[in-house]
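Q: Protein chains in written order, with our numbering: chain A, 1 to 512; chain B, 513 to 1017.
(1) If you run the structure through DSSP and keep just helix, strand and coil, what is residue 215 of chain A?
(2) Contact check, residue 285 of chain A vs residue 420 of chain A under 8 Å by CB: the rounded distance?
(3) Are the C-beta of residue 935 of chain B and some C-beta of chain A separated by less than 8 Å?
(4) Would you please state the rounded distance, in angstroms, between the beta carbons of residue 123 of chain A and residue 65 of chain A? I believe it to be under 8 Å.
(5) Among the residues of its own chain, which have a CB less than 6 Å from the CB of residue 274 of chain A, if the five just before and after it don't count?
(6) Would you kindly work out how many angstroms separate the C-alpha atoms of residue 238 of chain A and residue 298 of chain A, rounded to a whole number?
(7) Measure from the C-beta of residue 822 of chain B to each C-beta in chain A and report whether the shortest distance is under 8 Å.
(8) Under 8 Å between C-beta atoms, does residue 125 of chain A make it to chain B?
(9) Counting along the chain, where does the alpha helix (DSSP H) carrying residue 285 of chain A start and finish?
(10) Would you kindly work out how many angstroms separate the C-alpha atoms of residue 287 of chain A and residue 321 of chain A, rounded to a whole number?
(11) Contact criterion: CB-CB distance below 8 Å. Does residue 52 of chain A meet it with respect to chain B?
(12) Which residues does DSSP list as the beta-bridge partners of residue 118 of chain A?
(13) Determine the chain B residues that contact residue 133 of chain A at a beta-carbon separation under 8 Å, and present them in chain order.
(14) Can you give me the start and stop residues for the alpha helix (DSSP H) that residue 521 of chain B sits inside?
(15) Go to residue 929 of chain B, then tell me how far its beta strand (DSSP E) extends in each direction, as first and last residue.
(16) DSSP three-state call for residue 307 of chain A: helix, strand or coil?
(17) Helix, strand or coil for residue 658 of chain B, going by three-state DSSP, please let me know.
(18) Closer than 8 Å, CB to CB, is residue 1008 of chain B near chain A or not?
(19) Ordered along the chain, which non-local residues of its own chain (more than five positions away) have a Cβ less than 8 Å from that of residue 526 of chain B?
(20) Quick one, which residues of the segment 186 to 201 of chain A are near chain B if we go by CB-CB under 7 Å, in chain order?
(21) Spell out whether any CB of chain B is found under 8 Å from the CB atom of residue 163 of chain A.
(22) Taking the alpha-carbon of residue 87 of chain A as reference, which of A/493, A/251 and A/439 has the nearest alpha-carbon?
(23) Following the continuous beta strand (DSSP E) through residue 475 of chain A, name the residue where it begins and the one where it ends.
(24) Taking only the alpha-carbon atoms, compute the straight-line gap between residue 184 of chain A and residue 937 of chain B and give it to the nearest angstrom.
(25) Excluding five sequence neighbours on each side, which residues of the same chain lie with their C-beta closer than 8 Å to the C-beta of residue 613 of chain B?
(26) If we cut at 8 Å on Cβ distances, does residue 137 of chain A have a partner in chain D?
(27) Can you find a CB in chain A that lies within less than 8 Å of the CB of residue 958 of chain B?
(28) What does the alpha-carbon distance come out to for the pair residue 413 of chain A and residue 216 of chain A?
(29) Can you tell me the Cα-Cα spacing of residue 993 of chain B and residue 901 of chain B, whole angstroms?
(30) Note down, in chain order, each residue of its chain lying with its Cβ closer than 7 Å to the Cβ of residue 920 of chain B, except the 5 sequence neighbours on either side.
(31) Would you kindly work out how many angstroms separate the C-alpha atoms of residue 836 of chain B and residue 247 of chain A, rounded to a whole number?
(32) Report the CB separation of residue 844 of chain B from residue 754 of chain B in whole angstroms; it is logged as a contact under 8 Å.
(33) Along chain B, which residues have their Cβ under 9 Å away from the Cβ of residue 147 of chain A?
(34) From the DSSP output, which residues share a beta bridge with residue 43 of chain A?
(35) Where are the alpha helix (DSSP H) runs, 4 residues long or more, that stay fully inside the segment 795 to 831 of chain B, in chain order?
(36) Three-state secondary structure (DSSP) at residue 242 of chain A?
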């Protein structure tokens, strides 16, 4: 009975993967299926009336169970479902209180999938908040020595962002009216259309309201952006991440790095950019700057770390900076690059954290200087480490190269197309790639090359067995996926392209 | 005397007509007498009998409450009806409040004798039931009182019942001290309020709030009138436990038995809000009122209460004391609904109070549960209990999440409705105070998470080496809280199932 929990979970995630692959294969492309601001162009839509509350003089409050996917979400959904399978596989290391762990794991899974699918802001918010509690317990109960601190820090940071998001959400809902029913609605797609805002409402484009003396729409954008930037995380709101990632058990680190960070990027694209395009465009310089700071600051920090897992954690901060840079450019290349980077980083971060977990489980230590010459002791492990490292630092042929190349291309192009980002930002981004090569290669050199020398001596030597079958089964698909996407980026680009183009033209139309 | 004779038939008719609007209260008084007599006849051992009678009685009262909705509609007075010579006012809002009070009272009546400490009282609990029923009668009057006289009398009625309840179990010095403190502060605040009322009467020459009081007050000196209103509001604020009239709350909540704390932190507070609405409405509807700025005053009070209550709760380690401070914060938040001065705000408030009441009673019931089992009153004592008592601990998490106001719980929808109602008004008048209220409400939510999560932290995250043998757990509290938690989650997913009735008015 005790052992069956993990198989049930694995089965559930596998079924989910199959469904997502089926969705991917049946996902139609073309101008008629681009989604974004056209409700009819979303696919696999389900819309069930949920809350319909008559508020007397104020009309009706309308929130629907409204889910559907377009190009932006399909890639992330497939990525999420594969990462969840790997996370379930890596949960074999969990030894205590299995029932609780897997119940929370599946609850979290539900919330994550929900976030990427929901098109109703109310539903989105519920899924968004629903992630927090399982994660708090997953980090806090099965984490490392400083788990209590890491768990509460993560919870408070994210909640701080999301309570203010709640206020903006209510403001948007009271500003927007569904033209069909005439009632206030949480429908995100309706919120994207400036014509649906009631004249004189707080967030109406035309009414130029102010909040505390600042333009209301700018305040709304900034609040939402901060909420998502905490998730991404964007420097200087990133300080929860190293703690949470390091203290969390491997499967939870995988979910955090692989999926949770993407919710931030996804939210910025879908909500910040979709609902406040003109603010995003006028603030693009600042977004780009934050992206650059994240790239460089993350890379420098990664260089300075001595803990293997912390290096990976900071490399995530650095790599997610490219997402922000790509979004800030508001070009087709940049946004495609951003989405691609999210998908690619999802797989790579999973791989990296899984690999860190392998060493940690065997000797319960991950100090870099305690290991040397692992290459001769664990050859298979080293192969996967090298694949993951080289893929992450942007070696051509792997997915991260495509993603970073497109983000940078967007950032370069931006100065000539829409003049949002200066070219030095793209240059800084390119320098960031250089630094990522530094920390990855340096780590590789320190830990894996040279003659074998371990702090724990012979005990560690016997403990550090090479990868077993389960671990190889988990790693091979990831390595294959990053390679295949690197060689055939059209697998992702083909599905997302229409939506990206639609998003770019939609934001342009709104601004002019 | 002879001059009054022609008036008598009119008064008699008024009283006769009023009775049909007074049915729930008549039921309550009969119930009180029945419980009281049962106690007298069967003596100490009548606890269970009294409980059964009280619970069934309350169900009948709830049914009578619901009849009143149709009564108002049938008589074509959905706006409300004055009766007993304009002493009382029955509106749909009032019915909503009465419904909330009675439902929560029903839950409380079940819970009282499941607390081991209270049950161990040597006098038995039969008296307790009759006191509670009498206090519910007072609470009903509070929700309907619109005359300065009836306002004062109803508050006093509830206060006296509350004093008795707090001091009911006084075997240690802490609870005796709490009881005495409560009586002294309560008496002082009543005196202050009575002084305010007498000043108002002096200035306006009328006790009838919906009559000439407000217009009379307009004629008097503005500063003096503001002073009088301030005194009355202080008295009501004492019942609501708003900062700065909150200092009695932590000690009394900690000192009283847990079920009594659950009673104090919900029912009188809810009735207090209803009373505050009754008191404010004449001023709000009196278009020419230009004196005391209620919105400013109440906004400041709400902001201070939210900040002080929530930040003080962070420092607490005693569970009941922590919930006491958090209830101050909740009052501040709920006050937002009143500050809107709209019908929507009042509906949101009713809903918020209902879900707050359910969650707070459930939280205190679970605190009772753990005290029964392990004697723990501090969060320290909860260390590692999550593994031993998983069901109760998971329920505790659900309840606390609802109190914090995170989805998918009733607390979240309550917050959502309050925020929406404030936002709607803000959209119309751009009052900076409303914006500040919302920002404070959002910020203190984060603060509240910090202390609410302490309980799950100790239950689940902290590990303990001391493994005492599990005591046989009491299933009664557990089943009650399971039901309450299910209600909390259901209301979180389908808030309109209840809210649609509250937003009728």
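Ideal Cβ positions, reconstructed from N, Cα and C, are used throughout, including at glycine.
A: Looking at the coordinates:
(1) Reading the first chain from its first residue, position 215 is the one you call residue 215 of chain A. Three-state DSSP puts residue 215 of chain A in a strand.
(2) Taking the first residue of the first chain as 1, we reach residue 285 of chain A at position 285. Taking the first residue of the first chain as 1, we reach residue 420 of chain A at position 420. The Cβ separation is near 7 Å, so the contact holds.
(3) By one-based count along the second chain, residue 935 of chain B stands at place 423. So yes, residue 935 of chain B belongs to the interface.
(4) Here residue 123 of chain A is taken as the residue at index 123 of the first chain, counted from 1. Here residue 65 of chain A is taken as the residue at index 65 of the first chain, counted from 1. Confirmed, Cβ separation roughly 6 Å.
(5) On the first chain, residue 274 of chain A is found 274 positions in, with the first residue counted as 1. So the list reads 192, once near-sequence residues are dropped.
(6) The residue labelled residue 238 of chain A in the question sits at position 238 within the first chain. The residue labelled residue 298 of chain A in the question sits at position 298 within the first chain. Cα-Cα distance, rounded: 9 Å.
(7) Looking up residue 822 of chain B in the second chain gives position 310. Not an interface residue.
(8) Position 125 of the first chain, counted from the start, is the residue given in the question as residue 125 of chain A. So, interface residue.
(9) Reading the first chain from its first residue, position 285 is the one you call residue 285 of chain A. Looking at the DSSP string, the run of the alpha helix (DSSP H) that includes residue 285 of chain A is 284 to 304.
(10) The residue given as residue 287 of chain A occupies position 287 in the first chain. The residue given as residue 321 of chain A occupies position 321 in the first chain. Straight-line Cα distance between these residues: approximately 10 Å.
(11) Reading the first chain from its first residue, position 52 is the one you call residue 52 of chain A. Output row for residue 52 of chain A: interface = yes.
(12) Here residue 118 of chain A refers to the residue found at position 118 when the first chain is read from its first residue. DSSP, once it has assigned bridges, lists A/67 as partnering residue 118 of chain A.
(13) By 1-based counting over the first chain, the position of residue 133 of chain A is 133. Ordered by position in chain B, the residues that pass the 8 Å Cβ test against residue 133 of chain A are 909, 913 and 918.
(14) On the second chain, position 9 is the one that residue 521 of chain B refers to. Taken as a continuous stretch (DSSP letters only), the alpha helix (DSSP H) holding residue 521 of chain B covers 520 to 530.
(15) In the second chain, counting from the first residue as 1, residue 929 of chain B sits at position 417. Per DSSP, residue 929 of chain B belongs to no beta strand (DSSP E); it is in the alpha helix (DSSP H), 922 to 941.
(16) Numbered from its first residue, the first chain carries residue 307 of chain A at position 307. Reduced to three states, the DSSP call for residue 307 of chain A is strand.
(17) Sequence index remark: in the second chain, residue 658 of chain B carries index 146 (1-based). Residue 658 of chain B falls in the coil class under three-state DSSP.
(18) On the second chain, residue 1008 of chain B is found 496 positions in, with the first residue counted as 1. Yes, residue 1008 of chain B counts as interfacial toward chain A.
(19) The residue you call residue 526 of chain B lines up with position 14 of the second chain. Closer than 8 Å at Cβ, skipping near neighbours: 595, 596 and 597.
(20) 201
(21) Position 163 of the first chain holds residue 163 of chain A. It does; some Cβ of chain B falls within 8 Å.
(22) For the purposes of this step, residue 87 of chain A is taken as residue 87 along the first chain, with counting starting at 1. Cα-wise, what sits closest to residue 87 of chain A is A/251.
(23) Taking the first chain and counting its residues from 1, the one referred to as residue 475 of chain A is at position 475. Where residue 475 of chain A is concerned, there is no enclosing beta strand (DSSP E), although the alpha helix (DSSP H) it sits in stretches over 469 to 487.
(24) Mapped onto the first chain, residue 184 of chain A falls at position 184. Mapped onto the second chain, residue 937 of chain B falls at position 425. Approximately 15 Å between the Cα atoms of the pair.
(25) The sequence position of residue 613 of chain B within the second chain is 101, counting from 1. Taken in chain order, the residues that qualify are 648, 651, 652, 655, 779, 782 and 783.
(26) In the structure shown, chain D does not exist; the protein chains are A and B.
(27) The residue labelled residue 958 of chain B in the question sits at position 446 within the second chain. At least one chain A Cβ lies under 8 Å of residue 958 of chain B.
(28) As a position in the first chain, residue 413 of chain A is number 413, starting the count at 1. As a position in the first chain, residue 216 of chain A is number 216, starting the count at 1. Distance between the alpha carbons of residue 413 of chain A and residue 216 of chain A is about 31 Å.
(29) As a first step, residue 993 of chain B is located in the second chain; it is residue number 481 there, counting from the start. As a first step, residue 901 of chain B is located in the second chain; it is residue number 389 there, counting from the start. Distance between the alpha carbons of residue 993 of chain B and residue 901 of chain B: 14 Å.
(30) For this step, residue 920 of chain B is matched to residue 408 along the second chain. Hits under 7 Å: 1001, 1004 and 1005.
(31) In the second chain, counting from the first residue as 1, residue 836 of chain B sits at position 324. In the first chain, counting from the first residue as 1, residue 247 of chain A sits at position 247. For residue 836 of chain B and residue 247 of chain A, the distance between alpha carbons rounds to 34 Å.
(32) By one-based count along the second chain, residue 844 of chain B stands at place 332. By one-based count along the second chain, residue 754 of chain B stands at place 242. Contact holds; Cβ gap of about 7 Å.
(33) On the first chain, position 147 is the one that residue 147 of chain A refers to. 973, listed in chain order.
(34) Locating residue 43 of chain A in the first chain gives position 43, counting from the first residue. In the DSSP output, where bridge partners are listed per residue, residue 43 of chain A has A/69.
(35) 806 to 826
(36) Counted from its first residue, the first chain places residue 242 of chain A at position 242. Reduced to three states, the DSSP call for residue 242 of chain A is helix.
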